[in-house]
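Student: In short: position in the sequence shown from 1, add 1355, done, that's the numbering used here.
Heads up, the beta-carbon is just placed ideally off N, CA and C, and yes, glycines get one too.
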Amino acid sequence: MPKEGSNKFNLVACVHWYIDYLKDKTDFGSVSEIATLIGRTERYVSKLAAEKNLPGKVAHGKYNKIAFINAYIDYKDKQIKEAKAGGENRTDAQARLVRANADFKEIELAEKQKQVVPVKPLMNTLLGIFLKFGKSIDTMPGKVINKIYACNSKSEMLDVLNKATRQLKEHLSKEELELFLEEDGH
């Protein structure tokens, strides 16, 4: 956290630092998190990022989640289109088509079993959540500034920020559930 002196903190700088910390925590993830999100292994994610030059890698083992997932979706779409269109090597194209069709059938089965959700409603739900999250984060400094200003120690400041963060998470969790239920038609 930014300091002005031995035991003094710049309130505005501290709040901005904490907001940046929260944004970094939600926007970036490890190979393990990415692998979990796309339902693959860590080795597959690392190999795919290296061989196919997918964007999103910001540091060793750290990825921009949204950029990587979007690139992965585009990569899979391209694979399916190539498999359906054919290519120079017909046997390779046929093998890719068989794999793509098998993947497609697995996805359809997972959708029927409610293990996955369609991308469009999910993206709409996530967009709504991210917009509300962004607005909530933008208003957070104004809500906690007087409480932080009244603090006498770093631990009190952290307690105030943690409480505000916890309340924000609880509020967003309720809204996330409501948005998901609206999209699902319940």
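Grab me the residues of Ser-1508's own chain with a C-beta within less than 8 Å of its C-beta, minus the 5 sequence neighbours each way, in chain order.
Tutor: The residue labelled residue 1508 in the question sits at position 153 within the sequence shown. Contacts found: none.
Student: At the level of alpha carbons, what is the spacing between Asn-1517 and Phe-1364?
Tutor: Along the sequence shown, read from residue 1 onward, the residue named residue 1517 stands at position 162. Along the sequence shown, read from residue 1 onward, the residue named residue 1364 stands at position 9. About 17 Å.
Student: For a minimum of 4 consecutive residues, which ranges assigned as the alpha helix (DSSP H) are wholly contained in the segment 1461-1495?
Tutor: Listed in chain order, there is nothing to give.
Student: State the DSSP-derived secondary structure class of Ser-1330, mapped to helix, strand or coil.
Tutor: The structure shown does not extend to residue 1330, since the chain is modelled only from 1356 to 1541, so the question has no answer here.
Student: Helix or strand or just coil, what does DSSP make of Lys-1363?
Tutor: Here residue 1363 is taken as the residue at index 8 of the sequence shown, counted from 1. Coil.
Student: For Leu-1409, is the classification buried or exposed, using 16 other Cβ atoms within 10 angstroms of its Cβ as the cut-off for buried?
Tutor: For the purposes of this step, residue 1409 is taken as residue 54 along the sequence shown, with counting starting at 1. Result: buried.
Student: Mark Met-1478 as exposed unless 16 or more other C-beta atoms lie within 10 angstroms of its C-beta, in which case mark it buried.
Tutor: Within the sequence shown, the letter at position 123 stands for residue 1478. With fewer than 16 other Cβ atoms within 10 Å, it is exposed.
Student: Enumerate in chain order the residues of its own chain whose CB-to-CB distance from Ala-1465 is below 6 Å, with the five nearest sequence positions on each side excluded.
Tutor: By 1-based counting over the sequence shown, the position of residue 1465 is 110. Cβ neighbours of Ala-1465 beyond the five flanking positions: Val-1471.
Student: Considering only the alpha carbon of each residue, which of Lys-1524, Asp-1514, Val-1386, Ala-1390 lies closest to Lys-1562?
Tutor: Nothing about residue 1562 can be reported from this structure: the residues present for the chain run from 1356 to 1541 only.
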